[in-house]
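In the UniProt record's numbering, the protein residues as written are 1 to 132.
Where is the CB? At the ideal position from N, CA and C, for every residue including glycine.
Heads up: the structure comes next, in structure tokens.
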């Protein structure tokens, strides 16, 4: 049991004994095997270079605020746009809330009017068939 490990292989858990693995994997630690699997996945990525940086608390709050204002929830997307001079913009819909509610109420009224017209047409067609 002590020779058995849970190995993470491309997203699936495989229970295996180090004795049954290939000689190459027998020489590796558990973390090394996971790193080999991660490298296989990363090689197929469009963006294979990883960048890391540190910020202080104030800078972190500023980044979170800008991300919230722009509606970007993924930091990788935000960082690429900020660093590569891509446009980061925010859309404020608060000015349009009244217009949106008016359109919604007009839509509801039009549905009711359409329903009334259909009822009138049905009633006229039924009376027309009864008179002949």
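Cβ-based burial, residue i [other Cβ within 10 Å; buried from 16]
{"i": "residue 24", "result": "At residue 24 the pLDDT is 38, less than 50, meaning the model places this residue with poor confidence; the figure from the coordinates comes in the next sentence. Residue 24 is exposed by the Cβ-count criterion."}
Residue of the options minimising C-alpha distance to residue i
{"i": "residue 62", "options": "51, 52, 75, 50", "result": "75"}
Three-state secondary structure (DSSP) of residue i
{"i": "residue 116", "result": "helix"}
{"i": "residue 131", "result": "helix"}
{"i": "residue 51", "result": "coil"}
{"i": "residue 133", "result": "Outside the shown range of the chain (1 to 132) lies residue 133, about which nothing can therefore be said."}
{"i": "residue 56", "result": "coil"}
{"i": "residue 75", "result": "helix"}
{"i": "residue 46", "result": "coil"}
{"i": "residue 98", "result": "helix"}
{"i": "residue 83", "result": "helix"}
Neighbourhood of residue i by C-beta, 7 Å cutoff - its chain only, sequence neighbours within 5 removed
{"i": "residue 32", "result": "Caution is warranted here: a pLDDT of 43 is assigned to residue 32, below 50, making its placement in the model unreliable, and no coordinate value can be reported."}
{"i": "residue 72", "result": "78"}
8 Å Cβ shell around residue i - same chain, five flanking residues per side excluded
{"i": "residue 93", "result": "100"}
Assumed close pair residue i, residue j - CB separation to whole angstroms, cut-off 8 Å
{"i": "residue 67", "j": "residue 53", "result": "Residue 67 to residue 53, Cβ: 16 Å. No contact."}
Cβ neighbours of residue i in the same chain (closer than 6 Å, five flanking residues each side left out)
{"i": "residue 60", "result": "none"}
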